[in-house]
Ligand SMILES: [Zn+2]
Ligand SMILES: [Zn+2]
């Protein structure tokens with residue numbers, strides 16, 4: 089495939105992905121709401137071997153995951169403040185990209201079998217939940233790696249104020 093590039097608002101920080109994402113996470117947690125300013129983060133996950141910074145150098149802000157206590161590194165442009173991607177102490181081989189920073193945010197597909205919608209317990213009332221993609225209250229897996237329960241809906245739902253019954 090043709091390498092897909094993206095970058096920050098000012099153009100100083102640029103990156104490239106040379107392969108399809110392994111999967112896509114749609115995360116509704118409050119951390120992602122704060123980080124994006126939107127309802128959720130669309131996060132294509134790439135193997136580190138196919139992802140490179142091609143101009144500029146990101147600043148990195150490190151915090152700890154509320155769930156695992158392990159470090160999460162937020163990479164961003166020092167000049168304009170745009171966040172481009174995340175890396176993780178828990179998953180050393182991958183990066184999670186802020187999808188909207190790709191020059192073409194529609195170049196990859198959110199394939200139901202390789203995607204998930206997580207942290208619906210924190211979703212904003214006007215968030216749209218997509219059909220065909222498993223939904224989880226929190227993380228997909230517990231810290232011991234077992235799978236949490238999920239539901240998959242058949243038509244799109246605006247989350248509203250209703251209780252999300254997983
Ligand atoms: Zn910038
Ligand atoms: Zn999140």
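Numbering (our numbering), first residue to last: 89 to 254.
Cβ coordinates follow ideal geometry from the N, Cα and C atoms, glycine included.
Any 3 or more C-beta pairs closer than 8 Å across the stretch 135-151 and the stretch 94-108: With the cut-off at 8 Å, the stretch 135-151 and the stretch 94-108 touch.
Between the CA atoms of residue 240 and residue 131 - distance to the nearest angstrom: Take the alpha-carbon of residue 131 and the one of residue 240: they are about 19 Å apart.
Secondary structure of residue 174, DSSP reduced to three states: Residue 174: strand per DSSP, three-state reduction.
Test item, CB below 7 Å from any non-hydrogen atom of ligand 1: For ligand 1, the selected residues are 96, 97, 98, 99, 100, 101, 165, 167, 168, 170.
Cut-off 7 Å between Cβ atoms - residues of its own chain near residue 228, not counting five sequence neighbours on either side: Closer than 7 Å at the Cβ level, and outside the excluded window around residue 228, lie 204, 206, 235, 236.
Residue from 164, 216, 178 whose Cα sits closest to the Cα of residue 156: That would be 178, whose Cα lies nearest to the Cα of residue 156.
Residues passing the C-beta test against ligand 2 heavy atoms, cut-off 6 Å: The set of residues with CB atoms less than 6 Å from any heavy atom of ligand 2 reads, in chain order, 115, 117, 119, 120, 129, 207.
Proximity below 8 Å, CB of residue 182 to CB of residue 230: No, Cβ-Cβ distance for residue 182 and residue 230 is not below 8 Å.
C-beta atoms of residue 185 and residue 134 nearer than 8 Å: Yes, they are a contact pair.
Extent of the continuous beta strand (DSSP E) to which residue 167 belongs: Taken as a continuous stretch (DSSP letters only), residue 167 belongs to no beta strand (DSSP E), as it is neither H nor E.
Of the listed residues 202, 115, 126, nearest to residue 109 (C-alpha basis): Ranking the options by Cα distance to residue 109, first place goes to 202.
Beta-carbon proximity list for residue 199, same chain, < 6 Å, skipping 5 on both sides: In its chain, beyond the 5 residues on either side, no residue has a beta carbon closer than 6 Å to the beta carbon of residue 199.
Beta bridge counterpart(s) of residue 103 as assigned by DSSP: For residue 103, which the question treats as bridged, DSSP gives the partners 94, 141.
Close beta carbons around residue 139, own chain, < 7 Å, minus the five adjacent residues each side: These residues qualify, in order along the chain: 103, 105, 183.
Spatial distance of residue 165 from residue 96 (CA atoms): Rounded to the nearest angstrom, the two C-alpha atoms are 7 Å apart.
Under 8 Å between C-beta atoms of residue 163 and residue 180: Not in contact: residue 163 and residue 180 (Cβ atoms no closer than 8 Å).
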